[in-house]
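If you read the sequences in order, they're chains A and B.
Take the first sequence: its position 12, counted from the start at 1, is 12 in the working numbering, and no numbers get skipped.
Take the second sequence: its position 163, counted from the start at 1, is 163 in the working numbering, and no numbers get skipped.
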Amino acid sequence: MDAMNREKLFACITATSFVLDDLRLFLDTHPTDREALDYWERVSRVRNEAVKEYTKCYGPINMYDVEADDRWTWVDEPWPWEGRC
Amino acid sequence: MWSYEKRLQHPVNITQCNPKLAQVIISQYGGPDGEIGASLRYLSQRYTMTNKKCAALLTDIGTEELAHMEMVATIVHQLTKDLTPQEIIDSGFQNYYVDHTLGIWAQAAGGIPFAATCFQSKGDPITDLVEDMAAEQKARTTYDNILRLVHDQEVCDPIKFLRQREIVHFQRFGEALRLIQDDLDCRNFYAFNPAFDKNIMK
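Quick look at the structure:
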């Protein structure tokens with residue numbers, strides 16, 4: 001159950017991040033496109049929520065989100081090239 | 001500055017080793033049309049862009065290329081993981097192995113080391129953007145060449161993703177070139193360097 005939830009959350013982060021990766025290139029050359037700007041806002045919100053939830057449950061994806069209470073969790077989870085998700 | 005995210009831009013999960021294929025795919029890491037060259041090209045060219053939107057685009061595509069570099073390295077790593085000496089000999093991987101073991105090193109498929117001579121940063125926005133468009137097409141052709149040799153879906157999937165990005169980048173660089181030209185005298189775009197010969201700007 002937990003592994004499934006983790007996989008689903010991670011897939012959501014990958015998908016929404018990619019939308020933003022693609023959209024930012026479009027916005028660089030079309031900075032006033034209303035539809036693209038609205039899309040950016042919508043997808044950003046979903047992504048932020050997913051990253052927050054994932055970080056809380058399974059550890060940080062971004063180093064600035066590490067909560068350094070009793071352990072440096074940045075080193076705990078597998079690295080992306082190890083073929084996890 | 002940059003900030004690393006502990007994830008790939010697109011998932012790579014290869015379960016079958018194939019060192020022969022790894023030796024071909026490594027060209028998109030450190031080869032003449034590979035992702036390292038792409039990233040360094042765009043990130044280097046930013047400083048003399050006369051248009052802010054174009055500088056933004058080079059920053060963002062140059063950054064995405066870093067993520068592609070990581071994906072290609074991951075593909076090569078997973079294709080060569082846990083090889084035995086016998087598998088190394090049988091697949092012809094020994095020439096790479098003797099110098100790098102199973103490490104990732106920036107080279108072309110033919111063993112030629114990565115060199116900055118495979119890209120330009122000319123200090124002329126038109127010259128540079130035309131090179132960038134050509135570079136995306138050359139990388140797309142290379143991915144097409146790779147895809148003809150790959151039959152493993154787990155390898156095909158990320159390679160197809162990378163190929164598609166070349167096409168999107170080509171489109172955006174075309175738009176960037178048009179933006180530069182919009183700032184110039186339309187009767188003669190090509191006689192000057194818009195970053196150096198400032199007096200010819202509209």
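Heads up, the beta-carbon is just placed ideally off N, CA and C, and yes, glycines get one too.
Owing to the predicted nature of the structure, the values given are computational and were not obtained by experimental measurement.
(request) With DSSP as the reference, label Gln181(B) as helix, strand or coil. (result) helix
(request) Sort Arg41(B), Asn188(B) and Leu147(B) by Cα distance to Cys118(B) and report the nearest one. (result) Arg41(B)
(message) Which same chain residues end up closer than 7 Å to Lys138(B) when comparing Cβ atoms and leaving out the 5 residues on each side of it in sequence?
(response) Asp33
(message) Taking the straight line between their C-alpha atoms, what separation do you get for Asn51(B) and Trp72(A)?
(response) 42 Å
(request) Leaving aside the five residues before and after Lys53(B) along the sequence, list all residues of the same chain whose C-beta is less than 8 Å from its C-beta, in chain order. (result) Ala176 and Leu179
(message) So, does the stretch 14-33 of chain B touch the stretch 141-158 of chain B, judging by three or more C-beta pairs under 8 Å?
(response) yes
(request) Could you name the residues of the same chain whose beta carbon sits closer than 7 Å to that of Ala22(B), not counting the 5 residues immediately before and after it, in chain order? (result) Val76, Leu79 and Thr80
(message) Judging by CA-CA distance, which residue of Arg165(B), Tyr97(B), Ile146(B) and Val150(B) is the nearest neighbour of His68(B)?
(response) Arg165(B)
(request) Please decide whether Lys53(B) counts as near chain A, where near means a Cβ-Cβ distance under 8 Å. (result) yes
(message) On the CB-based measure, 16 or more other CB atoms within 10 Å of its CB, does Met63(A) come out buried or exposed?
(response) exposed
(message) Buried or exposed for Glu136(B), going by 16 or more other Cβ atoms inside 10 Å?
(response) buried
(message) Going by DSSP, what residue range makes up the alpha helix (DSSP H) through Gln78(B)?
(response) Lys52 to Leu79
(message) I'd like to know whether the C-beta atoms of Gly59(A) and Asn13(B) end up nearer to each other than 8 Å.
(response) no
(message) Can you list, in chain order, the residues of its chain with a C-beta nearer than 8 Å to that of Glu53(A)? Leave out the 5 residues immediately preceding and following it.
(response) Leu9
(request) Helix, strand or coil for Glu5(B), going by three-state DSSP, please let me know. (result) strand
(message) Looking at chain A, is there any beta carbon in it that lies within less than 8 Å of the beta carbon of Ala176(B)?
(response) yes
(message) Cutting at 6 Å between CB atoms, please list the residues of its own chain near Pro125(B), excluding the five before and the five after it.
(response) Met49, Thr50, Ile180, Pro194 and Ala195
(request) Kindly list the residues whose CB is nearer than 7 Å to the CB of Phe161(B), restricted to its own chain and excluding five residues on each side of it in sequence; keep chain order. (result) His10
(message) Given this structure, state the Cα-to-Cα distance separating Leu25(A) from Tyr4(B), to the nearest angstrom.
(response) 19 Å
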